[in-house]
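A.B. asks: Just dropping this structure here.
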Amino acid sequence: MSTHRKKRSSKSGLPPGTPVHIGVQKLNVMSVTGRVFSDSFAHVRTIESTEDLAVLAQEPHKKWVTVQGIHDVPSLQRVADLFGLHPLVVEDIVNTEHRAKIEDYGSYLFIIVKLVHRPEGGDSLAVEQVSVVLGKDFVLCFLEGQDNPFTGLEERWSKEQSRLRLLGCDYLAYAHIDTLIDHYFPLLERLGDDIDEVEEALVKKTDQEDLTRLHYLKKNMLHVRKAAWPLREVLSHLERGDSILIQPSTQAYIRDAYDHVVQIIETTETYREMLGEMMDMYLSSLSNKLNETMKVLTVIATIFIPLTFIVGIYGMNFKVMPELEWPWGYPAIMGFMFSLALGMVWFFRKKKWI
Amino acid sequence: MSTHRKKRSSKSGLPPGTPVHIGVQKLNVMSVTGRVFSDSFAHVRTIESTEDLAVLAQEPHKKWVTVQGIHDVPSLQRVADLFGLHPLVVEDIVNTEHRAKIEDYGSYLFIIVKLVHRPEGGDSLAVEQVSVVLGKDFVLCFLEGQDNPFTGLEERWSKEQSRLRLLGCDYLAYAHIDTLIDHYFPLLERLGDDIDEVEEALVKKTDQEDLTRLHYLKKNMLHVRKAAWPLREVLSHLERGDSILIQPSTQAYIRDAYDHVVQIIETTETYREMLGEMMDMYLSSLSNKLNETMKVLTVIATIFIPLTFIVGIYGMNFKVMPELEWPWGYPAIMGFMFSLALGMVWFFRKKKWI
Amino acid sequence: MSTHRKKRSSKSGLPPGTPVHIGVQKLNVMSVTGRVFSDSFAHVRTIESTEDLAVLAQEPHKKWVTVQGIHDVPSLQRVADLFGLHPLVVEDIVNTEHRAKIEDYGSYLFIIVKLVHRPEGGDSLAVEQVSVVLGKDFVLCFLEGQDNPFTGLEERWSKEQSRLRLLGCDYLAYAHIDTLIDHYFPLLERLGDDIDEVEEALVKKTDQEDLTRLHYLKKNMLHVRKAAWPLREVLSHLERGDSILIQPSTQAYIRDAYDHVVQIIETTETYREMLGEMMDMYLSSLSNKLNETMKVLTVIATIFIPLTFIVGIYGMNFKVMPELEWPWGYPAIMGFMFSLALGMVWFFRKKKWI
Amino acid sequence: MSTHRKKRSSKSGLPPGTPVHIGVQKLNVMSVTGRVFSDSFAHVRTIESTEDLAVLAQEPHKKWVTVQGIHDVPSLQRVADLFGLHPLVVEDIVNTEHRAKIEDYGSYLFIIVKLVHRPEGGDSLAVEQVSVVLGKDFVLCFLEGQDNPFTGLEERWSKEQSRLRLLGCDYLAYAHIDTLIDHYFPLLERLGDDIDEVEEALVKKTDQEDLTRLHYLKKNMLHVRKAAWPLREVLSHLERGDSILIQPSTQAYIRDAYDHVVQIIETTETYREMLGEMMDMYLSSLSNKLNETMKVLTVIATIFIPLTFIVGIYGMNFKVMPELEWPWGYPAIMGFMFSLALGMVWFFRKKKWI
Amino acid sequence: MSTHRKKRSSKSGLPPGTPVHIGVQKLNVMSVTGRVFSDSFAHVRTIESTEDLAVLAQEPHKKWVTVQGIHDVPSLQRVADLFGLHPLVVEDIVNTEHRAKIEDYGSYLFIIVKLVHRPEGGDSLAVEQVSVVLGKDFVLCFLEGQDNPFTGLEERWSKEQSRLRLLGCDYLAYAHIDTLIDHYFPLLERLGDDIDEVEEALVKKTDQEDLTRLHYLKKNMLHVRKAAWPLREVLSHLERGDSILIQPSTQAYIRDAYDHVVQIIETTETYREMLGEMMDMYLSSLSNKLNETMKVLTVIATIFIPLTFIVGIYGMNFKVMPELEWPWGYPAIMGFMFSLALGMVWFFRKKKWI
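Respectively, the protein sequence lines represent chains C, G, Y, F and B.
Residue numbering for the first sequence is 389 to 742, as defined by the working numbering.
Residue numbering for the second sequence is 389 to 742, as defined by the working numbering.
Residue numbering for the third sequence is 389 to 742, as defined by the working numbering.
Residue numbering for the fourth sequence is 389 to 742, as defined by the working numbering.
Residue numbering for the fifth sequence is 389 to 742, as defined by the working numbering.
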């Protein structure tokens, strides 16, 4: 398994429709799981060869195929061919730098959704691309790596009377998208907690570390936003119900998912505004602190520099300096300096500096 | 009664349409009040059991049901079933993190509005979710807790010849929304007063405390705005009159409410701009003050540091320093230093620093 | 006459359509002037009682009624009833916190326009609400107080062959709006002059006072903008000619007024951008000045602090300090210090600090 | 010729459609040049009196009339009457504060375009208003003053087989607009050169003068933008071809002019963004320089202030100070101070301050 | 070959449709390559004269003509005449300051795309204009200079069974655009790497150099954005399929290219936001550093200035200063100063300054 990231530029010059894997290879071997089901039965089949899949594809029942690992382009191509996918669809599946989108190829819908999550123990976000193809009697799901966000879905599917089996393939495809959308909420909650934490810290003190945390939070929000915005278009396209593959009964659910996406986007925007405000506040605090520091310096310097000058005068070695001879010269000058200092303190107090 | 906030993430992995209460539980026991009325009569019934409610739901007259407390999902489910609500509606009612929205389910309209108010003695805002369901002959109203913003409404309803009884259920539902919108005005007035106060303070002085107040005001405006913006869509949807549940006579009122929402949004935006300006002014004031401080320091240092150097010269202990022997050396050097200081003062005055 | 401002919140809890005066009461007694006219005659009648008005309302000719003072809700209600206005119209007339708007009630158009002017000797703007109702054969005009911006209009009306009498009531209503729009131009000119003045001041010097003036100008622009933007919608609605009350011949005039509003809005936006730029320039100037101040301080300190250290060395009282015994010690050290100072000056000159 | 600027406010209170000249009078006497032409001939006639013009207006051929000087409202009115222009058109021609616009009066199109140029030896821009009226067989062009941007056009027109004569009046009107649009390019090039110049200066040094230049450039861009944006609407209106006065063959040319306007607007926006970036960079540079200055001051002060304290100690006149008696006291203390200074230098070097 | 840039202003005053080369001349002699092909054959012909081209243009097969060098306007004109192009098309081809656009001339489509690349060893971007004309049976491609981004395309074309030969001319034209779009990805990757690099540098240290790099990156993003945005319109126009020249089978490919452009634009916007954030962070870091510097200065000055004053007192030469006579005077005063310094250190530690 290579951790090297294949870049988009590696594709430059190739004819369009040439599938080239772009992104980090997250799995050694592609694994395919097939599921055949109707209202009354549900079978899971591990697909070991192209033949297995060809048999599955011919089944007269509803089919649900999950492909994990998308770096193995030739194998993927064979899967795509069995289900009659357009070359551009394969190209899009293996290029993990796509934004969420939906494309209507008539007999099937091709949907890309981005899964955003924060890996344990890290500050930065991981983005994975999930591609879903919804056909008349099949749903194909392509995952980048071993992590399967749909285990809960598979469990619910395996139960009898599950809506996932009773309702059509469109509901199953919707359930995929809904599951991915649900992944955004815990993420946003954690980001929200982080924002509150940093905000509290900012009110108390102001240091460089908070600035770095603010910066990373802003960057994360940028990624969440980039992933979430196009989802809105995807769901609004589904909701409009242009495709015959979407049944009217599923549309209420899609509208619900659409509302969730709007909520995600709005929360993201609110967080971004809050982070912007916090940046402003941070900068103002810095200015305030600088002002405070400078006042301390100025008060000290303004009081002591003139006094130091005065004692310097009486440190001069002139032969003729009558004051030096006076018996009360020393106490007199000390008293004068004390009054001067008091006057300055009074002056600064009046200016509200101390 | 638990003050623990149930989070959205607690719902992750559940099938869509599963109602899970999200938010702070504000009440121990759900309380339901039913009202049956026609042009000629008006009865209030406290609902103690599902049976009571079932009886009420069968009444051939107009019905108004107020539910307080939404954490008890099974009871709520029973209420919903009696009035034939879609599972997604129940899910939305118990999830208090929704934005204001309207959904047309054909035989009934489902409306969510956010009530924003500032609890006594606090600076931060409280947001509560109110769900209203408008059916052909019933209005259901779901409140999060014990506070009932509709007591005025109930009083007016109880009076004979009240428009709330004479006009249809759509007018009653509108009256709910109108009441909630009216709650925004005193809030905005108080925020406006606060803004004026902080502005006045900023013109006089500039300290860290004002910055914190500015920050909280900005945050509050963000919340008001987040709650008010989607209201515009809700009312514009109602005004378009797509639903057969809205009678033409009610539309003039809805247009009026729409105008109020626009006014709220516009005031919010104006306040936000004013707060932005004040932030700019605050930062400029800080810079101005720093400049002033630095000028004081520079004037003092520039006058006295050279003088201190001069008196230092004549404090040196060289054997041969002819000036020290001169009888007029001391007065001469004092006079020279005095002229130097005067010259500097003149220079700074010319530069308009003092 | 009370100068107390009645607030919007005083209305909370009242049923919609309840007219409550919101704003400052600007007049003790409501005064009503009626005008009856056709192509051939023009009578002015002072209305003293509801009966007078009832007689006027029955006249078969074109009618123009000007109401000054809107705090007396019951009297106003009677006026409204005579001309068949909807309760929501009366509510809107007495609530002076509305934005400019137009509402088509079928048999009459209800228009609110804001009059913005700067009272003599003040920096802040005054906003007054003018409501105009255009019916088939009448124009009603409601003013907040004694100031009547339409005296010029009344004069032109009183002249024979005046277009105000020859053309229909729609032209008269248009003339009201046009007059109010014309009030924006001298205001913008004065604000423009103020902006030029502050800009000139900023190029020369930078002080706190300019900042305050900038701030007030920005706030004024915010008010002008808030008043002018909705006017655009009002006129574009009128121009579309949806209402049968507007004759085609009047539409060229309305388009002209629309152009003026666009011009006002554009000037406002340009002024706002200019003020934004000036704020940036102000802040940059402050930074520049701080830099200058700090350079002076640094140059002085960097030259004299080391020199003071050197003279301090030879002020030490060690028994054995051979240099002190040298006859040329004093001139040597003075020469050394002079060279050092020169070197520093040269260094700062190279760095372009002095 | 008066250089006094007549202001918009001088018009307040006059009925709409009253033409009042607003702007600076740029010419003593209005001069009118008439051109009569067909495919086969082209005559130029200087118009000296209204009668001359009346004769011209009756000609059965295509007519092109250029009016220079628009302050003489009665004469202008007579011109307008001869060609049947609406009073509002005359009002718009003499009011030079209009934005570019197009108005379709059915039998003729009225177009206002702003000519923006930078007079020789000045930094600020001059804006002149050019009004073009396109009728079925005539083109009227109204200029503010003596400067005629259309001399090139007149020359091309005078040549035989010129498209200006062969194609219809719509092409001639288009040629006016195209000529004015072409005036924007050299202006933008000069502004672009200025921007490059200031940018280069900013990378090298940072002074107040650059700030002032930046400010003036930003202001100029604001004016160009204000003049160019409405042009887009004008041309897009012409391109849509709603008017029967525009022949299909001319539309390709209009689309071309539209592209040029889009290019102008885009360049303007790019320049504005670049100026914004430069402002940011300027402010950052100032901060950087302040940091540098403060580091110099801090390094010097931190090294020498403690040393000065030490030499001060041994300058005290206490009777009993054993160190003063030590023969190696002086060299020892000098060595100690030298090490201290070295240590500080090392410390600052480690902190990368020097 | 001249490196002088011909400017747009050189064209001022010429009639529209006059082709004038605007931009840098990148080639001495215009070179034309013709390609004739059908499903079964593919010939390349170097065009040496107008006659050669005339012969080519008459071929009954599909034709692909690549013109390199666009400064030679008369030759270009001859090419255009042979393929029946409108004068405005030629004018647009030779003016290299156009933005990407598409124009439908009925029998052919005229498309301009900007190629943005970063020449080796340079920080600034180079923008070249590529014009493509798609006719019923020909594709013309006009390049500014010798660099040919389509060599890969030509290679694929020369292979048998290439889609470029089998599919229609519209696919060939699409392949041109797709190739140019593909050039954006490696560029964006390099810019992204640069951004990461600068960001990493900013977290560690803050110097003027990073600011300059940030500035250049921002400027580059501005250029990429300016080139990419109009591409969106071009492809969306093509995708809508208004032109009969585009076959339905090609539209899936165009939609794919459209997605790529959206991806480019989105990446550009994200980068721009990230650069904006980095600028903010940079400024905050500067403020932080200034604060740190000032704290060091203030701590040092506040500790040592008072101490220096004290030692100054005992350096005075008054006859009568009893403390000087005390045997324990020296150690006492040293101890006092030590405690004072300790106290100050404690105070600053409490304030968290050190």
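Glycine is no exception: its CB is placed at the ideal position from the N, C-alpha and C atoms.
(1) Identify, in the order they occur along the chain, each residue of the same chain with its Cβ nearer than 7 Å to the Cβ of residue 568(G), setting aside the five sequence neighbours on each side.
(2) Looking only at C-alpha atoms, which of 506(B), 539(B) and 559(B) sits nearest to residue 526(B)?
(3) If I follow the unbroken alpha helix (DSSP H) through residue 611(B), where does it start and stop?
(4) Does any residue of chain G have a CB that is nearer than 9 Å to the CB of residue 487(Y)?
(5) Among 430(G), 637(G) and 593(G), which one has its Cα closest to the Cα of residue 553(G)?
(6) Just reading off the beta strand (DSSP E) that residue 651(G) is part of, what are its end residues?
(7) Measuring only between beta-carbons, confirm whether residue 537(F) sits less than 9 Å from chain Y.
(8) Spatial neighbours of residue 389(Y) within its chain, please: C-beta separation below 8 Å, excluding the five flanking residues on both sides.
(9) Let's see if you can read the secondary structure: which residues bound the beta strand (DSSP E) around residue 501(C)?
(10) Of all the CB atoms in chain B, is at least one closer than 9 Å to the CB of residue 604(F)?
(11) What residues match up with residue 422(F) in a beta bridge as DSSP calls it?
(12) Which residues in the same chain as residue 511(Y) place their Cβ atom closer than 7 Å to its Cβ, once the five residues preceding and following it in sequence are excluded?
(13) Do you know offhand how far residue 613(F)'s Cα is from residue 678(G)'s?
(14) Mark residue 545(G) as exposed unless 16 or more other C-beta atoms lie within 10 angstroms of its C-beta, in which case mark it buried.
(15) As a quick exercise: from 581(Y), 602(Y) and 737(Y), pick the residue whose alpha carbon is nearest that of residue 395(F).
(16) Can you give me the Cβ contacts of residue 513(G) inside the same chain, cut-off strictly under 6 Å, excluding the 5 residues immediately before and after it?
(17) So residue 619(F) contacts chain Y; which residues on that side make the cut at Cβ distance below 9 Å?
(18) From residue 471(C) to residue 540(B), what does the alpha carbon distance come to, in whole angstroms?
(19) Between residue 584(F) and residue 602(F), what straight-line distance do the alpha-carbon atoms span, to the nearest angstrom?
(20) Just grab the DSSP bridge partners of residue 531(G) for me.
(21) Counting only beta-carbon separations shorter than 9 Å, does residue 746(C) have a partner in chain G?
(22) Near residue 631(C), which residues of its chain fall below 7 Å by C-beta distance, leaving aside the five closest residues on each side in sequence?
(23) Please identify the residue among 642(C), 451(C) and 615(C) whose C-alpha is closest to the C-alpha of residue 623(C).
(24) State the DSSP-derived secondary structure class of residue 742(C), mapped to helix, strand or coil.
(25) Which residue from 663(Y), 564(Y) and 733(Y) puts its Cα closest to that of residue 404(F)?
(26) Please work out which residues of its chain come closer than 7 Å, Cβ to Cβ, to residue 659(F), disregarding the five sequence neighbours upstream and downstream, and give them in chain order.
(27) With a floor of 4 residues, list each alpha helix (DSSP H) that falls wholly inside the segment 506-570 of chain G, ordered by position along the chain.
(28) Give me the Cα-Cα distance between residue 419(B) and residue 645(F), rounded to the nearest whole angstrom.
(29) What residues in its chain sit with their C-beta under 7 Å from that of residue 655(F), if we drop five residues either side in the sequence?
(30) Residue 686(B) and residue 734(B): beta carbons closer than 9 Å?
(31) Starting from residue 395(F), follow the alpha helix (DSSP H) in both directions and report where the run begins and ends.
(32) Candidates 696(C), 435(C) and 713(C): which alpha carbon is nearest residue 708(B)'s?
(33) If you follow the beta strand (DSSP E) that residue 440(F) is part of, which residue opens it and which one closes it?
(34) By alpha-carbon positions, which one of 427(C), 649(C), 499(C) and 457(C) ends up nearest to residue 550(C)?
(35) Using a beta-carbon distance cut-off of less than 7 Å, what residues from the segment 699-717 of chain F approach chain B?
C.D. replies: For this structure:
(1) Shown here for residue 568(G): same chain residues with a beta carbon closer than 7 Å to its own, the five before and five after excluded, namely 501, 503, 518 and 537 in chain order.
(2) The alpha carbon of residue 526(B) has as its nearest neighbour, out of 506(B), 539(B) and 559(B), the alpha carbon of 559(B).
(3) Per DSSP, the continuous alpha helix (DSSP H) segment holding residue 611(B) begins and ends at 596-628.
(4) Yes, its Cβ sits closer than 9 Å to a Cβ of chain G.
(5) Distances from the CA of residue 553(G) to each of 430(G), 637(G) and 593(G) were compared; the closest alpha carbon is that of 430(G).
(6) It is not in any beta strand (DSSP E) - residue 651(G) instead sits in the alpha helix (DSSP H) that spans 636-701.
(7) Among the CB atoms of chain Y, none fall inside 9 Å of the CB of residue 537(F).
(8) Bear in mind that the predicted position of residue 389(Y) carries a pLDDT of just 40, short of 50, making it unreliable; the figure below should be weighed with that in mind. So the qualifying residues of the chain are 413, 414, 415 and 416.
(9) That run of the beta strand (DSSP E) goes 496-505.
(10) Judged by the 9 Å Cβ criterion, residue 604(F) is not in contact with chain B.
(11) Residue 422(F) pairs with 433(F) and 453(F).
(12) So the list reads 604, once near-sequence residues are dropped.
(13) Straight through space, the alpha carbons of residue 678(G) and residue 613(F) are spaced by roughly 37 Å.
(14) With 16 or more Cβ atoms within 10 Å of its Cβ, residue 545(G) is classed as buried.
(15) Ranking 581(Y), 602(Y) and 737(Y) by CA distance to the CA of residue 395(F) puts 581(Y) first.
(16) Taking residue 513(G) as the centre and dropping the five residues before and after it, the same chain places the C-beta of 504, 506, 608 and 611 closer than 6 Å to its C-beta, in chain order.
(17) What residue 619(F) touches in chain Y: nothing, since even the nearest Cβ is about 13 Å away.
(18) Approximately 32 Å, taken between the alpha carbons.
(19) So the two alpha carbons sit approximately 11 Å from each other.
(20) Residue 531(G) is bridged by DSSP to 456(G).
(21) Beyond the ends of chain C as shown, which are 389 and 742, falls residue 746(C); an answer cannot be given.
(22) So the list reads 492 and 497, once near-sequence residues are dropped.
(23) Considering only alpha carbons, the answer is 642(C).
(24) The answer is coil: DSSP assigns residue 742(C) none of H, G, I, E or B.
(25) The option with the nearest alpha carbon to residue 404(F) is 564(Y).
(26) If we look at residue 659(F) and ignore the five residues flanking it on each side, its Cβ neighbours are 579, 580, 583 and 609.
(27) Counting only unbroken stretches of 4 or more residues, the alpha helix (DSSP H) elements lying wholly within the segment 506-570 of chain G are 539-546, 551-554 and 557-570, in sequence order.
(28) Taking the straight line joining both Cα atoms gives about 31 Å.
(29) Cβ within range, chain order: 576.
(30) No, they are not a contact pair.
(31) Counting along the chain, residue 395(F) falls outside any alpha helix (DSSP H), and DSSP gives it neither H nor E.
(32) Nearest option by C-alpha distance: 713(C).
(33) In this chain, residue 440(F) is not harboured by any beta strand (DSSP E); it is covered by the alpha helix (DSSP H) spanning 438-446.
(34) Comparing Cα-Cα distances from residue 550(C) to each of 427(C), 649(C), 499(C) and 457(C), the minimum goes to 427(C).
(35) Hits within the stretch, in order: 700, 701, 703, 704, 705, 706, 707, 708 and 709.
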